[in-house]
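**Q**
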Amino acid sequence: MTDHPRIPLAGVIGSPIAHSRSPALHNYWLRRYGIAGHYIPMDIAQGDLREALQMLPKMGFVGLNVTIPHKETMLGLADIVTDRAALIGAANTLIFRKDGKVHADNTDGSGFIANLRQHAPDWQPQAAPGVVFGAGGAARAVVAALIEVGVPEIYITNRTRARAEAIRADFGAKIRVVEWVQAGAVLEDAGLVVNTTALGMVGKPPLNIPLDSLNPGALVNDLVYTPLRTEFLDNAAAMGCATVDGLGMLLHQAAPGFERWFGHRPDVDEATRQAVLGA
Ligand code: NAP
């Protein structure tokens, strides 16, 4: 260890990592608040993670974001795992503590809710059921967050039914599993509909669930943010639904890590969105 103050470093680890928007976001915030620090994308192979977690704090790193495919593995490598990260089964934010311990958290769920609150302040979570398409890591974060804010019932549907069943087993009685081919049938009473699948992303097929019975009073959200306006959001908007894109979740999930590493709670506002979109 050195005895003089160091410029704090943070970064995002994944593989591949070149597509990540996190460096543009964090480096924008560092510039905006005049903070001396750096945020670096790092492509690290699975087999090198343990060594990286030992070395990076010695090199001045104060924490990391974690993305695909390391989010699940991180739970087994961290010294302290928050309850919500354990329940979700994945970590996206690491803090390298001064005592040498690695603290792992998952801020995807709180970022998801903060995005909805910011862009759809009239949404009342307790008023009607939620419908979640997909049952991967992002779906688990979304389901945990929906239960926390009091959504009374959550219908979940996934191409691979077993993953949806696993979510029901982990999250309990509020979860109802629906066959993928019958997904359109539960939209009538929905207060919120969320796409957590990768469908609709650039390079993937669109999400083709029929929206004919979609409640026009439902709030519709897509976690996909490349493109920003997915076909799914456009179709829901054409039915009269309020829609929220997925970029805000990315911005909000990043804020707690930035605050812990660099000591300043960043604003998530239009200027932040534009900085990331323009990068
Ligand atoms: P994941 O764990 O790999 O899960 C992928 C999900 O997409 C699964 O439900 C999978 O179904 C489904 N899927 C993939 N290809 C499909 C296809 N051809 N047909 C039907 N279903 C398909 O990934 P994840 O971490 O949950 O991420 C999912 C999406 O959310 C990604 O697009 C990611 O970029 C986005 N995301 C956004 C944010 C944000 O901040 N906005 C945060 C996290 C994730 P199966 O189980 O049947 O394979």
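The working numbering numbers the first residue of the sequence shown as 2 and each following residue consecutively. The beta-carbon is built from N, C-alpha and C at its ideal position, and this holds for glycine as well. Here the structure is a predicted model, which is why all the values come from computation and not from measurement.
1. Excluding the 5 residues flanking residue 43 on each side, which residues of the same chain have their C-beta closer than 6 Å to its C-beta?
2. If you run the structure through DSSP and keep just helix, strand and coil, what is residue 76?
3. May I ask which residues mark the beginning and end of the beta strand (DSSP E) holding residue 42?
4. Quick check: is any heavy atom of ligand 1 less than 6 Å from the C-beta of residue 57?
5. If we require 4 or more residues per run, which alpha helix (DSSP H) segments fall completely within the stretch 239–271?
6. Out of 85, 126 and 211, which has the shortest C-alpha to C-alpha gap to residue 104?
7. Residue 34 to residue 63, Cα distance in whole Å?
8. Just to confirm my understanding: we take residue 53, look at its own chain, exclude 5 residues before and 5 after, and list those with CB closer than 6 Å. What are they?
9. Mapping the DSSP letters down to three states, classify residue 213 as helix, strand or coil.
10. Report whether the distance from the Cβ of residue 68 to the nearest heavy atom of ligand 1 is below 6 Å.
11. Below 8 Å, can you find three or more Cβ-Cβ pairs linking the stretch 126–134 to the stretch 149–169?
12. Mark residue 250 as exposed unless 16 or more other C-beta atoms lie within 10 angstroms of its C-beta, in which case mark it buried.
13. Count the other CB atoms within 10 Å of the CB of residue 7; is the residue buried (16 or more) or exposed (fewer)?
14. Could you work out which residue in 23, 173 and 224 is closest to residue 114 when comparing CA atoms only?
15. If you run the structure through DSSP and keep just helix, strand and coil, what is residue 15?
16. Ignoring anything shorter than 4 residues, give me the alpha helix (DSSP H) runs that lie fully in the stretch 132–214, in order along the chain.
17. Under a Cβ-count criterion, where at least 16 other Cβ atoms within 10 Å of its own Cβ denotes burial, should residue 248 be classed as buried or exposed?
18. Cutting at 7 Å between CB atoms, please list the residues of its own chain near residue 198, excluding the five before and the five after it.
19. So residue 222 is in the beta strand (DSSP E); what residue range does that whole segment cover?
20. Using 8 Å as the cut-off, can you tell me whether the stretch 85–95 makes contact with the stretch 113–128, which would need three or more C-beta pairs spanning the two stretches below that distance?
21. Please list the terminal residues of the continuous alpha helix (DSSP H) segment that includes residue 86.
**A** The short version:
1. For this step, residue 43 is matched to residue 42 along the sequence shown. Here the set comprises 12 and 14.
2. On the sequence shown, position 75 is the one that residue 76 refers to. Here residue 76 carries a helix assignment [DSSP, helix/strand/coil].
3. By 1-based counting over the sequence shown, the position of residue 42 is 41. Run containing residue 42: 39–44, per the beta strand (DSSP E) assignment.
4. Working through the sequence shown from its first residue, we reach residue 57 at position 56. Result no, Cβ not under 6 Å from ligand 1.
5. Whole alpha helix (DSSP H) segments, 4+ residues: 248–263.
6. Within the sequence shown, residue 104 is the residue found at index 103, counting from 1. Closest by alpha carbon: 85.
7. The residue labelled residue 34 in the question sits at position 33 within the sequence shown. The residue labelled residue 63 in the question sits at position 62 within the sequence shown. C-alpha separation (whole angstroms): 18 Å.
8. Here residue 53 is taken as the residue at index 52 of the sequence shown, counted from 1. The residues are 45.
9. Residue mapping note: residue 213 aligns to position 212 of the sequence shown, counting from 1. Here residue 213 sits in coil by DSSP.
10. Within the sequence shown, numbered from 1, the residue matching residue 68 stands at position 67. Not so, every heavy atom of ligand 1 lies at least 6 Å from the Cβ.
11. The stretch 126–134, when compared against the stretch 149–169, does touch it at the 8 Å Cβ threshold.
12. Numbered from its first residue, the sequence shown carries residue 250 at position 249. Here residue 250 is buried. Its C-beta has 16 or more other C-beta atoms within 10 Å.
13. Taking the first residue of the sequence shown as 1, we reach residue 7 at position 6. Exposed is the call here.
14. Here residue 114 refers to the residue found at position 113 when the sequence shown is read from its first residue. That would be 224, whose Cα lies nearest to the Cα of residue 114.
15. Here the question's residue 15 lines up with position 14 in the sequence shown. If DSSP states are grouped into helix, strand and coil, residue 15 belongs with the strands.
16. Unbroken alpha helix (DSSP H) runs of no fewer than 4 residues, entirely contained in the stretch 132–214, are found at 138–149 and 162–172, following chain order.
17. Stepping through the sequence shown from its first residue, residue 248 is reached at position 247. In summary, residue 248 is buried, with 16 or more beta-carbon neighbours lying within 10 Å of its beta-carbon over all protein chains present.
18. Numbered from 1 along the sequence shown, position 197 holds the residue referred to as residue 198. Same-chain partners within the cutoff: 134, 135 and 208.
19. Residue 222 sits at position 221 when you count from the first residue of the sequence shown. Boundaries of the beta strand (DSSP E) around residue 222: 220–223.
20. Taking 8 Å as the limit for Cβ pairs, the verdict is that the stretch 113–128 does not touch the stretch 85–95.
21. In the sequence shown, the residue the question calls residue 86 occupies position 85. Unbroken alpha helix (DSSP H) run through residue 86: 84–89.
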